[in-house]
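Inspection log for the structure reproduced underneath, given as structure tokens.
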């Protein structure tokens with residue numbers, strides 16, 4: 003099932019409120035504690051569709067009269083927004099005049115396109131003024147305003163455009179995509195209904211033949227999309243960028259759900275629960291950082307207390323009690339870190355747990371990406387598709403019962419567990435030790451994807467491959483140096499350190515039927 007169809011289905015289930023909540027920015031989110039923006043308003047006095055005067059005002063405005071958004075289109079010098087309301091953070095020598103083009107672009111590509119009636123005449127008057135009066139003395143004042151945090155906006159006759167032109171938002175929502183000149187009557191690929199087709203979602207997600215401008219003449223045959231279907235896909239992608247883009251230890255991926263049924267209410271619940279899963283995922287790194295700092299402090303304090311105790315001849319009962327209590331707290335902190343610091347597969351399972359009673363009604367795609375939020379394009383680095391949540395849950399249960407750990411770590415290890423990293427993430431461990439992981443992100447991702455596909459799909463591994471991985475781990479450490487101990491191979495001196503996890507891994511792969519016969 004194509005990615006475009008899955009996006010279309012998501013977009014088909016989103017409401018106008020869902021999209022508004024995604025594209026509308028809260029100005030409070032951009033402020034640090036105690037910060038206040040400077041207010042710069044270009045107020046156009048317009049009569050009979052002509053600009054009579056332009057005034058620069060510095061009075062504050064209620065945030066309820068503004069509609070801040072992220073960029074809604076364009077790139078580089080062509081960026082534009084829904085409304086000409088900007089939140090700007092300028093460097094010390096950077097002037098507001100250098101950002102004027104953003105207001106002009108927005109007037110041309112958004113306000114003029116989506117306004118109605120007499121508001122179109124007002125919009126055109128402002129555009130004409132910018133084009134014919136670029137040296138206006140009021141606009142020149144913007145060059146003197148430098149450095150800081152600003153609200154910069156256009157108003158007409160004392161009213162902000164969100165106040166006087168609310169139709170811009172509603173019309174953009176109804177028509178978020180552009181029509182190609184090659185469009186014509188045809189049958190929509192997803193609804194199979196006759197309609198005007200030849201709209202495109204305006205972000206690169208399909209193949210070269212389906213998207214590239216030089217082949218637009220084939221749009222009706224390759225991917226015939228009506229306004230509604232193309233809009234659904236674009237709005238779904240905007241929603242996913244904000245709500246369903248997950249991050250895990252340097253990896254970026256999106257989760258796309260699919261339901262066989264057309265129950266819109268149930269699908270909306272699935273989306274809402276995945277959004278909650280994403281919020282929980284984003285909180286984990288901060289909590290882990292706090293716990294690791296606490297662990298280091300407790301370890302340092304504990305060692306200091308023990309050193310003081312060992313330097314004295316007499317036993318101090320109070321000191322022994324303090325050491326005992328601190329040791330308990332230290333072990334409790336380590337245990338909490340182990341629970342929170344999960345491997346990728348366990349992380350997937352935690353995320354699908356948020357689906358609750360709906361987890362058996364969906365399949366999920368985990369698509370690893372490099373997202374360009376400037377032009378809404380992305381590069382697919384790899385994907386694990388059509389994952390059944392119940393299968394993932396059983397896999398993690400088997401890992402726990404047998405003692406298999408999928409987390410990748412150089413911290414202390416549990417001797418009773420077998421670590422998948424020892425056999426399937428050796429390149430990543432080597433890069434981490436040599437501090438070259440940033441230069442080898444793609445190789446690390448492919449290594450993780452190989453293991454994830456092995457665990458979560460129908461892929462299998464040969465016994466020869468598995469034994470070769472066992473041998474490599476026996477022979478070489480994470481830095482790819484020979485494991486030797488007083489001239490003797492380490493695995494010969496301490497065979498149980500190697501055979502114990504190997505046997506666990508064999509048991510595990512047999513239990514989940516992954517060894518190719």
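Residue numbers (the working numbering): 3 to 519. Every residue gets a Cβ at the ideal spot worked out from N, C-alpha and C, and that includes glycine.
Candidates 468, 334, 180, of which the one nearest residue 201 by Cα: The shortest Cα separation from residue 201 among 468, 334, 180 belongs to 180.
Take residue 125 as the anchor and find which of 47, 517, 60, 263 has the nearest alpha-carbon. Closest in C-alpha terms to residue 125, from the list 47, 517, 60, 263, comes 47.
Which partner residues does residue 249 have in the DSSP bridge list? According to DSSP, which records beta bridges pairwise, residue 249 is partnered with 254.
Residues in the same chain with beta-carbon distance under 6 Å from residue 11, minus the five sequence neighbours each way, listed in chain order, please. The same chain holds no residue with a CB closer than 6 Å to that of residue 11 once the five nearest residues on each side in sequence are set aside.
For residue 158, list the residues DSSP reports as bridge partners. Per DSSP, 46, 161.
Within the same chain, show all residues whose beta-carbon is closer than 8 Å to that of residue 75, passing over the 5 residues directly before and after it, in chain order. The answer, listed in chain order, is 81, 82, 111, 112, 204.
C-alpha gap between residue 209 and residue 411, whole angstroms: In this predicted model, residue 209 has a pLDDT of only 40, less than 50, meaning its place in the structure is not dependable; the value taken from the coordinates is given anyway. Approximately 38 Å between the Cα atoms of the pair.
Locate the alpha helix (DSSP H) running through residue 201, then write down its first and last residues. First-last for residue 201: 196-202, but that is the beta strand (DSSP E), not the alpha helix (DSSP H).
According to the neighbour-count rule (16 or more other Cβ atoms, all chains shown, within 10 Å of its Cβ), is residue 275 buried or exposed? Answer is buried; the Cβ neighbour count reaches 16.
Closest by C-alpha distance to residue 306, when choosing among 287, 232, 492, 328: Answer by Cα proximity: 328.
Can you give me the C-alpha to C-alpha distance between residue 516 and residue 239, rounded to a whole angstrom? C-alpha of residue 516 to C-alpha of residue 239: approximately 35 Å in a straight line.
Identify the continuous beta strand (DSSP E) that holds residue 184 and give its terminal residues. Note, residue 184: beta strand (DSSP E), 180-189.
Does the stretch 269-283 come into contact with the stretch 24-44, if we say contact requires no fewer than three beta-carbon pairs (one atom in each stretch) closer than 8 Å? In this structure the stretch 269-283 does not touch the stretch 24-44; the number of beta carbon pairs closer than 8 Å is below three.
Which residues in the same chain as residue 187 place their Cβ atom closer than 8 Å to its Cβ, once the five residues preceding and following it in sequence are excluded? So the list reads 196, 197, 198, 199, once near-sequence residues are dropped.
As a quick exercise: from 270, 115, 191, 500, pick the residue whose alpha carbon is nearest that of residue 172. Restricting attention to 270, 115, 191, 500, the CA atom closest to the CA of residue 172 is found in 115.
Distance between beta carbons of residue 42 and residue 154, contact taken as under 8 Å: About 5 Å separates the beta carbons of residue 154 and residue 42, which is inside the 8 Å limit, making them a contact pair.
Whose CA, out of 346, 452, 435, 358, lies closest to the CA of residue 401? The shortest C-alpha separation from residue 401 is found at 346.
Between residue 182 and residue 426, what straight-line distance do the alpha-carbon atoms span, to the nearest angstrom? Looking at the two C-alpha atoms, the distance is approximately 48 Å.
Using the rule of at least 16 other Cβ atoms within 10 Å of the residue's Cβ for burial, across every protein chain shown, is residue 159 buried or exposed? Exposed, since its Cβ has fewer than 16 Cβ neighbours within 10 Å.
Go ahead and pull the three-state DSSP assignment for residue 241. Here residue 241 carries a helix assignment [DSSP, helix/strand/coil].
Going by the DSSP bridge assignment, what does residue 59 pair with across the sheet? Answer is 43, bridged to residue 59.
Less than 8 Å between C-beta atoms, sequence neighbours within five positions excluded: which residues of the same chain meet that for residue 94? Apart from sequence neighbours up to five positions away, the residues of its chain that approach residue 94 with a beta-carbon distance below 8 Å are 148, 149, ordered along the chain.
Between the CA atoms of residue 470 and residue 512 - distance to the nearest angstrom: Rounded to whole angstroms, residue 512 to residue 470 spans 17 Å at the Cα level.
Is the separation between the beta-carbon of residue 370 and that of residue 447 shorter than 7 Å? A Cβ-Cβ contact shorter than 7 Å links residue 370 with residue 447.
Under 7 Å between C-beta atoms of residue 287 and residue 152: Result no, Cβ atoms of residue 287 and residue 152 do not sit closer than 7 Å.
Enumerated in chain order, which unbroken segments of the alpha helix (DSSP H) with a length of 4 residues or greater are wholly contained in the stretch 319-345? Runs found: 319-342.
Since residue 12 is in the alpha helix (DSSP H), which residue starts that stretch and which ends it? For residue 12, the uninterrupted alpha helix (DSSP H) run begins and ends at 5-15, by DSSP.
Bounding residues of the beta strand (DSSP E) (the contiguous stretch that carries residue 97): Judged by DSSP secondary structure, residue 97 falls within the beta strand (DSSP E) whose first and last residues are 87-97.
When you compare the CB positions of residue 518 and residue 462, do they come within less than 7 Å of one another, or not? Yes, Cβ-Cβ distance for residue 518 and residue 462 is below 7 Å.
Helix, strand or coil: how does DSSP classify residue 147 here? Residue state, collapsed to three classes: coil.
Helix, strand or coil at residue 68 [DSSP, three-state]: The three-state secondary structure of residue 68, taken from DSSP, is coil.
With C-beta atoms as the reference, is residue 237 less than 7 Å away from residue 156? Residue 237 places its beta carbon 7 Å or farther from that of residue 156.
Would you call residue 540 buried or exposed, if buried means 16 or more other Cβ atoms sit within 10 Å of its Cβ? Residue 540 lies beyond the range of the chain shown here (3 to 519); nothing can be said about it.
In angstroms with no decimal places, state the Cα-to-Cα distance between residue 217 and residue 225. Reliability of the predicted coordinates at residue 217 is poor, the pLDDT of 49 falling under 50, and the value obtained from them is presented with this limitation in mind. One C-alpha to the other measures close to 12 Å.
In this structure, what does DSSP give as the bridge partners for residue 228? Paired residue(s): 199.
In its own chain, which residues sit with a C-beta less than 8 Å from the C-beta of residue 260, not counting the 5 before and 5 after it? If we look at residue 260 and ignore the five residues flanking it on each side, its Cβ neighbours are 3, 8, 11, 364, 365, 366, 367, 388.
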